[in-house]
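Per UniProt numbering, the very first residue in the sequence shown carries number 1; after that it's consecutive. Beta carbons: idealized from backbone N, C-alpha and C, even for Gly. What follows is a short report on a single structure.
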Amino acid sequence: MFRQCANCCYSEIEAALPQNPGLVTWQQWERKRVCSEGKTSHFVKRALTGTWEDLLKSFNEKLDALAKHQYIWIHQVEQCRALKNSLQDHEVVVHMDFSENYACKLNVEVQSFHFGGSRKQATIHTCMVFKSGMSQAYATISDSLRHDEWAVWAHLKPVLDDILSDTAITTLHFMSDGPLTQYRNRKNVYLMCTLPLPSWH
Numbered sequence: 001m002f003r004q005c006a007n008c009c010y011s012e013i014e015a016a017l018p019q020n021p022g023l024v025t026w027q028q029w030e031r032k033r034v035c036s037e038g039k040t041s042h043f044v045k046r047a048l049t050g051t052w053e054d055l056l057k058s059f060n061e062k063l064d065a066l067a068k069h070q071y072i073w074i075h076q077v078e079q080c081r082a083l084k085n086s087l088q089d090h091e092v093v094v095h096m097d098f099s100e101n102y103a104c105k106l107n108v109e110v111q112s113f114h115f116g117g118s119r120k121q122a123t124i125h126t127c128m129v130f131k132s133g134m135s136q137a138y139a140t141i142s143d144s145l146r147h148d149e150w151a152v153w154a155h156l157k158p159v160l161d162d163i164l165s166d167t168a169i170t171t172l173h174f175m176s177d178g179p180l181t182q183y184r185n186r187k188n189v190y191l192m193c194t195l196p197l198p199s200w201h
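The structure is reproduced here in structure tokens:
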């Protein structure tokens, strides 16, 4: 689980060091912040040089983080599956996420359009709605590239209108990957309070 139990796992990976321990070079992905028109960051592969002990220490630290992430992910999947399998007739699960931004293409394009900056983009927001014994997929598309909480609710409005047309629905369960800028923040809590439902989670 978190690789902290002394009875069921080793705290570190052991490896035999070479006879002539010199410097070793390895590649590692790192987040690099690039400021251009606001805050953006990219992942870049960087070459690191150090001793074998440095490499082993870095590997064990990353393995600890991976084990925690994997355990939490497995637990969340089990809880989501249990919720979806035990839905009552008055409950709905809305599992949602933004898709990537897509570049729009024309069937025939002039060269300056194809290689220039004229191509428009579109955002797709996807939802899977689970009810007792059935599921339905929704996708909304917009030329707005915003992924903030206002965009979330603009995409959710037609989905919620369709769901809430069934007057038997009294409880909504929202699921997402949970980024703070999109789904998990105070503005979304306020907007959820405006839903005409006695319960939402």
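- Here Cys127 is buried: its Cβ has 16 or more other Cβ atoms, across all protein chains shown, within 10 Å.
- Around the CB of Leu66, fewer than 16 other CB atoms lie within 10 Å, so the residue is classed as exposed.
- Within its own chain, the residues whose Cβ lies closer than 8 Å to the Cβ of Asp162, once the five positions on either side in sequence are excluded, are Tyr138, listed in chain order.
- Separation of the CB atoms of Asp143 and Lys157 is rounded to 17 Å, and the pair is thereby denied contact status at 8 Å.
- When secondary structure is reduced to three states using DSSP, Lys120 falls in the coil class, being assigned neither helix nor strand.
- Membership of Ala103 in the beta strand (DSSP E) is indicated by the continuous run Glu91 to Ala103.
- In its chain, beyond the 5 residues on either side, Asn101, Ser142 and Leu145 have a beta carbon closer than 6 Å to the beta carbon of Thr123.
- For Tyr138, there is no enclosing alpha helix (DSSP H); the residue is part of the beta strand (DSSP E) that begins and ends at Met134 to Ser142.
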